[in-house]
Every structure is written in structure tokens, then in C-alpha cells.
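Visitor: The structure's right below; bear with me while I get my questions together.
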Amino acid sequence: MSSVSDNQPCSAPTDSASLSQWLDYLLSIHPTEIEMGLTRVTEVAKRLNVLSPQSKVITVAGTNGKGTTCAMIESVLMQAGFTVGVYSSPHLLRFNERVRINQQDVSDSALIAAFNAIETARNLPDSATISLSFFEYATLAGLYLFNIEKPDVVLLEVGLGGRLDATNIIDADVSVITSIDIDHQEYLGDTRELVGREKAGVFRPECLAIIGEPDLPHTVLDYAAEINANVYRVNHDFNYHLNGDTWQYIGANCVFHKLLLPKLPLANAATAVAVIEQTWPSISPKDIMTGIARASLAGRLEQVQDSPKVLVDVAHNPHAAKYLASQLQQYKPARIIALCGMLKDKDAAAVLSELKDVIDEWYFTDLPVERGLEATALAGMLAQHEPPLKSSHFSSINQAWQSLNANITTDDVVIVFGSFYTVAGFSELL
Numbered sequence: 006m007s008s009v010s011d012n013q014p015c016s017a018p019t020d021s022a023s024l025s026q027w028l029d030y031l032l033s034i035h036p037t038e039i040e041m042g043l044t045r046v047t048e049v050a051k052r053l054n055v056l057s058p059q060s061k062v063i064t065v066a067g068t069n070g071k072g073t074t075c076a077m078i079e080s081v082l083m084q085a086g087f088t089v090g091v092y093s094s095p096h097l098l099r100f101n102e103r104v105r106i107n108q109q110d111v112s113d114s115a116l117i118a119a120f121n122a123i124e125t126a127r128n129l130p131d132s133a134t135i136s137l138s139f140f141e142y143a144t145l146a147g148l149y150l151f152n153i154e155k156p157d158v159v160l161l162e163v164g165l166g167g168r169l170d171a172t173n174i175i176d177a178d179v180s181v182i183t184s185i186d187i188d189h190q191e192y193l194g195d196t197r198e199l200v201g202r203e204k205a206g207v208f209r210p211e212c213l214a215i216i217g218e219p220d221l222p223h224t225v226l227d228y229a230a231e232i233n234a235n236v237y238r239v240n241h242d243f244n245y246h247l248n249g250d251t252w253q254y255i256g257a258n259c260v261f262h263k264l265l266l267p268k269l270p271l272a273n274a275a276t277a278v279a280v281i282e283q284t285w286p287s288i289s290p291k292d293i294m295t296g297i298a299r300a301s302l303a304g305r306l307e308q309v310q311d312s313p314k315v316l317v318d319v320a321h322n323p324h325a326a327k328y329l330a331s332q333l334q335q336y337k338p339a340r341i342i343a344l345c346g347m348l349k350d351k352d353a354a355a356v357l358s359e360l361k362d363v364i365d366e367w368y369f370t371d372l373p374v375e376r377g378l379e380a381t382a383l384a385g386m387l388a389q390h391e392p393p394l395k396s397s398h399f400s401s402i403n404q405a406w407q408s409l410n411a412n413i414t415t416d417d418v419v420i421v422f423g424s425f426y427t428v429a430g431f432s433e434l435l
């Protein structure tokens with residue numbers, strides 16, 4: 006994953022510049038990864054003529070589950086014969102992962118062409134240069150490439166919040182909130198009501214708003230009513246039930262029985278089906294079942310090694326950690342060992358608390374980014390729990406893995422989690 010550069014601004018890339026050189030340049034000219042507000046990015050989008058996509062647009066917000074929900078909607082639509090563009094963030098290994106069309110990452114050359122167009126648009130001769138954050142550049146690149154390729158459907162995964170996220174410059178045909186919990190408090194607020202209101206900012210008047218969060222803050226419904234959004238919410242308008250090794254979906258106008266279980270979280274699968282059945286009622290139950298069952302996404306409880314079983318998951322907040330703990334229970338009575346690295350701005354103590362009863366041994370690692378939380382700090386948080394849990398701490402992911410790997414048996418289960426950086430760094434070792 007890319008991290009913010011401490012270098013001085015680079016000169017603008019030449020015509021022969023590589024994608025890597027472009028990314029270094031973007032990080033150097035605007036080292037702030039996140040800058041809330043839509044004025045600057047909207048102006049550049051106008052100049053690029055990307056504000057009114059010809060594609061049907063679905064914007065997906067949520068504390069957790071955005072990427073998996075997008076992946077399942079994408080899979081069903083492709084199964085039904087649609088062309089689909091997806092913009093997501095962050096990436097694990099390659100920036101290209103952020104923009105894909107029909108499940109294929111766009112090429113370096115396509116991204117370079119998009120960056121050149123954006124650079125020209127923000128530097129018009131007779132007006133002041135418009136500053137853009139790294140995320141805003143990435144978002145505009147996705148919109149620019151979708152404008153060229155014109156897929157039938159574009160899925161926009163919100164980066165942070167919703168109301169002031171760069172993806173929200175587009176008026177979506179359908180808006181989705183997958184889940185609501187406290188994360189990114191410095192930007193979104195420290196209550197679920199405040200976070201919910203920020204995420205509801207992706208709703209549009211008279212348009213469909215699909216909500217997969219069962220414990221909904223009143224602020225979401227208040228805003229939806231204020232703008233007259235067409236709300237369709239879990240446990241009210243649609244429901245789902247697990248039936249052994251299959252599941253059932255019950256919508257306002259349909260029921261799907263004996264669906265194959267997805268590789269991804271069932272709650273997000275139900276939200277994805279709600280989007281499909283409300284927006285494309287003619288898509289067949291078979292295409293829905295096949296698309297949901299086939300969908301996968303790197304870094305989401307993904308098995309990357311067998312014997313011993315090694316899983317990776319980008320869970321990095323308490324809400325995601327609670328779900329991860331529930332999924333790890335299925336591997337008991339095997340010994341479960343964690344390799345964990347986290348960022349300073351996450352609620353690491355709460356994450357460890359959610360997982361302490363299911364994980365038997367911990368290997369904590371520093372992360373190679375300024376925002377990384379020291380492994381010793383993580384070990385200190387774990388030491389607060391009774392009874393004491395076994396842990397070690399290391400200065401790198403590689404060192405943690407080497408030590409862990411020397412002390413496991415083929416019957417053990419390893420979970421690597423805590424951050425996109427942790428999963429990305431570990432993946433590079435395989």
C-alpha cells in the first residue's frame with residue numbers, strides 16, 4: 006500500500022513517466038491523505054466533464070462491508086450480463102486495484118492517461134491551480150476512466166463518511182449504507198448518530214436508499230425523511246435467515262429460498278440482494294444465487310495457505326473485530342494464533358478486547374508507516390486483560406511471521422489482521 010511521502014514536491018511527471026512516478030508525485034504535491042470538502046474536486050470534475058455519468062451509479066457507504074457488498078453486487082450483475090465498473094479503496098498491493106471494469110484492474114497506461122487529464126484540468130492557464138488530495142485524484146481517475154468505458158453500472162465505494170467524501174460529487178441512482186459504527190472519529194464524530202448522519206449524506210431526494218444496518222441511528226431516518234429518499238431497510242422491508250448450509254432472502258416483492266452461502270459476510274450479501282431486487286427486478290434468482298456465491302474479495306477472511314491454515318483479514322475496528330471473532334470460532338478447538346499490526350488512530354484496545362477470548366497466542370508487529378502503532382503498545386494493551394494472554398512483539402511483519410512460523414503445527418490456524426498495511430505487508434512475503 007502507498008503511504009504518504011515526506012519528500013518535497015516532485016516536478017510534474019514527464020510524458021514517459023511510470024505509474025509509480027505519478028503516485029510519488031501525487032503524494033508529494035498534497036501529502037494530506039484525507040481532506041474533507043467537495044468544492045475543489047467538484048470544480049475539477051466539471052472541467053473533466055465527469056459529473057453526469059451515462060452509467061447507472063450505485064454509491065456504497067458504511068463503516069464496514071462496503072467492499073464486500075460492492076463485490077457481490079458486481080458479481081451478480083456480471084452473471085446477469087451487465088458490464089460493471091467499481092471504484093474502491095484502499096488497495097492492498099497495487100494502486101490499479103482501486104479501479105476495475107468487469108473484475109479486471111485497469112492498466113497503468115489508462116491510469117496515467119487519467120492523471121494527465123486531471124493534471125491539465127486542475128492547472129488551466131487563466132485560473133489558480135486547484136489542490137487535490139491523493140484520494141480525490143484517485144476518485145477523479147476512476148470517474149474519468151468510467152466516462153470513457155461507459156459500463157452499464159458503476160459502483161462507487163465511499164472512502165470516508167459520505168457527505169463530504171469525493172465520491173459524493175456524483176448523484177447516485179441508488180445509495181447504500183452497509184453498517185454504522187464509530188471509526189474515524191476525528192472526521193465523522195464520536196457517536197453513532199453523528200456517524201450515521203455523515204453516511205446518510207450519500208442519499209438523494211426521491212432515490213432508493215438501501216440500508217443494511219439493523220440498529221439504525223435516528224439521524225439516518227431523519228435525513229432520509231427530510232429529503233424524501235425512498236428507504237428500504239433490513240428487518241423492516243427485507244429480511245434474511247440462515248437455514249443450515251443455505252440461506253433465505255425475503256424482500257418486499259420476492260422470496261429467494263435455498264441460496265448458497267457466500268464466501269463473504271451474510272449481512273452484506275443480503276444488502277447486495279436488496280440492491281439487485283429493487284433496482285433490477287428482472288434479474289433471475291439463479292443469477293442472484295450464482296453471483297453471490299461466487300463473489301470474493303482479497304483480504305476479507307481470505308485463506309492464503311493450507312496446512313497450517315493461514316487467513317488474512319483487513320479488520321481494523323471493533324465492529325469488524327467482533328465479526329472476525331464470530332468467524333474464527335468455527336475453527337475451534339484448533340489453536341488460533343494472531344499476527345496483528347494496527348494504526349495509532351484506531352481503537353486498538355477495543356479490537357483486542359473483541360478477539361481476546363478466541364485467539365490463543367498473539368504476535369504483534371510494528372508497521373512501516375508513520376501512523377503505525379508500536380507492537381509494544383499493542384502488547385501492553387493485551388496485558389491489561391485477565392487471565393494473561395501469551396504474546397510477543399516484533400519490529401517488522403517479516404520478523405513476526407518468521408517467529409510465528411517456527412512455533413506452529415499443521416493443526417493450528419493463523420489469522421493475520423489489524424490493518425490493510427498488515428495484510429499487504431504479509432501478502433508480499435508469500
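Going by our numbering, the first residue of the sequence shown is number 6, and it counts up by one from there. Don't be surprised by glycine CBs; every beta carbon is placed ideally from N, CA and C.
Which whole-angstrom value describes the C-beta separation of Val280 and Ile78, a residue pair presumed to lie in contact below a C-beta threshold of 8 Å?
Guide: That belief holds up - the Cβ atoms of Val280 and Ile78 are roughly 6 Å apart, short of 8 Å.
Visitor: Determine the extent of the alpha helix (DSSP H) in which Gln436 is found, giving its start and end residues.
Guide: The displayed coordinates of the chain run from 6 to 435. Any statement about residue 436 would go beyond what the structure contains.
Visitor: Span of the beta strand (DSSP E) holding Asp318?
Guide: Per DSSP, Asp318 belongs to the beta strand (DSSP E) from Lys314 to Asp318.
Visitor: Starting from the Cα of Leu3, find the closest Cα among Lys395, Ile402, Thr196 and Leu160 and give me that residue.
Guide: Given a span of 6 to 435 for the chain in the structure shown, any question on residue 3 remains unanswerable.
Visitor: Is it the case that the Cβ atoms of Glu141 and Val49 are separated by a distance below 9 Å?
Guide: Yes, Cβ-Cβ distance for Glu141 and Val49 is below 9 Å.
Visitor: Does the region 327-347 touch the region 369-381, meaning 3 or more C-beta pairs lie closer than 8 Å?
Guide: Yes, since at least three Cβ pairs between the region 369-381 and the region 327-347 fall closer than 8 Å, the two stretches touch.
Visitor: From the DSSP output, in three-state form, read off Ile342 for me.
Guide: The answer is strand: DSSP assigns Ile342 an E or B state.
Visitor: If you follow the alpha helix (DSSP H) that Phe120 is in, where does it begin and where does it stop?
Guide: Its alpha helix (DSSP H) spans residues Asp113 to Arg127.
Visitor: Distance, Cα to Cα, Tyr426 vs Thr64?
Guide: Near 25 Å, if we compare the C-alpha coordinates of Thr64 and Tyr426.
Visitor: List the endpoints of the continuous alpha helix (DSSP H) containing Leu160.
Guide: Looking at the DSSP string, Leu160 is not in any alpha helix (DSSP H); the run it does join, the beta strand (DSSP E), is Val158 to Glu162.
Visitor: Quick one: Cα of Arg103 to Cα of Pro392, how far?
Guide: So the two alpha carbons sit approximately 42 Å from each other.
Visitor: Could you check which residue in Leu394, Thr73 and Val419 has the C-alpha nearest to that of Ala405?
Guide: Comparing Cα positions, the closest option is Val419.
Visitor: Between which residues of its own chain and Glu307 is the CB-CB distance below 6 Å, once the five residues before and five after are set aside?
Guide: Closer than 6 Å at the Cβ level, and outside the excluded window around Glu307, lie Val317.
Visitor: For Leu28, which option in Pro286, Met386, Arg99 and Asp416 has the closest C-alpha, if you only look at C-alpha atoms?
Guide: The residue with the shortest Cα to Cα distance from Leu28 is Arg99.
Visitor: Kindly indicate which residue of Pro58, Leu360, Ala274 and Leu150 has the alpha-carbon position closest to the one of Asn121.
Guide: It is Leu150.
Visitor: Output the distance between the C-alpha atoms of Ile342 and Lys361, rounded to the nearest integer angstrom.
Guide: Cα to Cα, Ile342 sits roughly 11 Å from Lys361.
Visitor: Give the DSSP-derived three-state secondary structure of Ala300 in the structure shown.
Guide: In the structure shown, Ala300 sits in coil (DSSP, three-state: anything other than H, G, I, E or B).
Visitor: Would you tell me roughly how many angstroms separate the C-alpha atoms of Lys263 and Trp252, rounded to the nearest one?
Guide: When rounded, the distance between both Cα atoms is 5 Å.
Visitor: Straight-line CA distance for Asn128 to Leu269?
Guide: Their backbone Cα atoms lie some 43 Å apart in a straight line.
Visitor: Would the beta-carbon of Pro313 fall within 9 Å of that of Thr415?
Guide: Yes, they are a contact pair.
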